[in-house]
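Under the numbering used here, the first residue of the sequence shown carries the number -12, and numbering increases by one thereafter. Before any comments, here is the structure.
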Amino acid sequence: MKILKRVLFGILGALIIIIATASAVRTTGRLLNSRTPKGGINESLYVDINGTKQWISIYGKDKNNPVLLYLHGGPGYSTSMMDYAFTRKWADVYTVVTWDQRACGKSWLKNTKDTTPITLDATTTMMEDGVEMTEFLRSHLGKDKISIIGHSWGSIYGAMLVQDHPEYYDCFIGTGMVVDLTKNEERYWEAAREWAKGNEEDEQLIEKCASGEIPKLSREYYHARQGMMEKYGYNISAEKSDYSIPATCFFNPYYSLWDWYRFKTGTNGSNSYLDWDASEEFNSLSILDRTEYKVPYYNINGDMDYQANSGLAQDYFDSVKAPRKKMYYMKNMAHGLLEVRSGEFSDIVHEIAAMERAE
C-alpha cells in the first residue's frame, strides 16, 4: 500500500510539474506575441457592429502604413486561433486588421445567443457589417481608405464590398477566389471525372453528385466532394504548413484557456447561413456579371485549387476591368495557401504593396 501511495504521489507530482511548466511556457510565449512593435500598433478589441459585438485585432510595425483588412473564409470559419502567424508577416508593409465576422470565433463567444438571420443582400446583415466595420477602421486608424484581402468566402464578400463602396477602398486582393458557386461545382465535377477515370465506384459516385441524384445541399454530397479531393491529392492542405500550427495555437496571444474551452465545446450553428454547404443563398452567389472595379484588382490562387476553382477565377480575371490587375499563381498549391505556404504568400503580398506604393 505504501509503495502504491508513493507511486501515485509521484505521478501526481510529475503531472503538477508538467502542467506548471506548460503554463509558464505558454504565458511567456503569449507575452512575447503580445508585444507592440516600436512605432507600431497592437490592439485587440470588440467593436459595436450592426447590433452585435464583433472582435478584431490590429497589428502593424508602422502606424503610417496603409491598412489591410483580412476577411476570413467560410462563411462561419474564423481563423483567429492561428491567423496571426501568417498575417503578421505582412505587418511591415501594412497595418493588418483581422476580423472574426458575425457569429464566428471570438465574435460568437461574445454573442452566443444571437440568432439574427444572416444574409448577403446588399442592404442587410453581412454587407452592413462590412460597411460598418470599414467605417470604424477608417475613423479609428485615421485613414480615408483601406485595402481588403479576402480568402475563399472572404474573397467574394470583399469583392462585393469593394464594388458597392469604392469610395472606402484603395485595393482588392482575392485569394482562393470565389466568383460563382454554381459554376464552381460544375467545374469541380468535370475535374473529378478526370481524376477518377478507371475507378468505377468513384465514377458512379461522381455522376450521382453531378446529376443531383445526391442533393447538392446535403451532408452526403459534401462528404463525397471533400473525400474525392483528399483521395486524389487536391484537398485544402495537401502538404505540411511552413510553420507549426499547434505551437501557433498554443501561444496565441488572443485566446485564453477559457476561450479555447468555449470555442471547442460550443457551436455557432444557430445561423443556417454559416452552414455553407446547406445554404441556398450562399450557393447562389455570383459576381460573374460584375466585372467593373474602380480599384486595383489582384488575385493569388493555387493552380491546384478545386475548392474554389482556379480556372473559373482566371476566366473572371480576364473579364475584369480595373485600374490595375494582376494574377499570381502558387504552383502545386490547393486552397489552403495562406496556412500552408505563408512565406511564399507573404512575398506576393509585399510585391503588391510595393506596386501600390509606387503609383
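Virtual Cβ for every residue (Gly too), placed ideally from N, Cα, C.
Taken in chain order, the whole alpha helix (DSSP H) runs of length 4 or more contained in the stretch 101 to 145 are 112 to 128. Within the same chain, Cβ atoms closer than 6 Å to the Cβ of Asn37 are found at Glu115, Asp116 and Glu119, the five residues on either side in sequence being excluded. Between the beta-carbon of Ala309 and that of Val336 there is about 18 Å, and that puts the pair past the 8 Å contact cut. Per DSSP, the beta-bridge partners of Asn288 are Tyr316. Out of Val327, Leu96 and Arg17, the CA that lies nearest to the CA of Lys227 is found in Val327.
Three or more Cβ pairs closer than 8 Å define a contact, and the stretch 146 to 164 meets that threshold against the stretch 268 to 283.
Its Cα nearest to that of Asn319, the residue Glu331 stands out among Glu267, Glu331, Arg311 and Lys312. Leaving aside the five residues that flank Tyr219 on each side, the residues in its chain whose CB is nearer than 7 Å to its CB run, in chain order, Trp182.
The C-beta distance from Asn296 to Met314 rounds to 14 Å, too long to fall under 8 Å, and the pair is not in contact.
Around the beta carbon of Gln294, a 10 Å sphere encloses 16 or more other beta carbons of the protein chains shown; the residue is thus reported as buried.
By the beta-carbon neighbour count (other beta carbons within 10 angstroms, threshold 16), Leu58 is buried. Taking 8 Å as the cut-off, the beta carbon of Lys100 is found no closer than this to the beta carbon of Asp79. With distances taken between CA atoms, Asp131 lies nearest to Glu154 out of Asp167, Glu154 and Thr39. Excluding the 5 residues flanking it on each side, Asp167 has same chain C-beta neighbours closer than 6 Å at Ser273 and Leu275, in chain order. Taking all protein chains in view, the Cβ of Gln191 is surrounded by fewer than 16 other Cβ atoms within 10 Å, so the residue is classified as exposed. Taking C-beta atoms under 8 Å as the contact rule, Trp42 and Ser94 qualify, at a distance of about 5 Å. Per DSSP, reduced to three states, the secondary structure at Asp35 is strand. Per DSSP, reduced to three states, the secondary structure at Asn29 is strand. Residue environment analysis places His138 among the buried positions, since at least 16 neighbouring C-beta atoms fall within 10 angstroms of its C-beta. Beta-bridge partners assigned by DSSP to Lys40: Asp35.
Within the DSSP bridge table, the entry for Ser273 names Asp167 as partners. For Leu324, the enclosing alpha helix (DSSP H) begins and ends at Leu324 to Val327.
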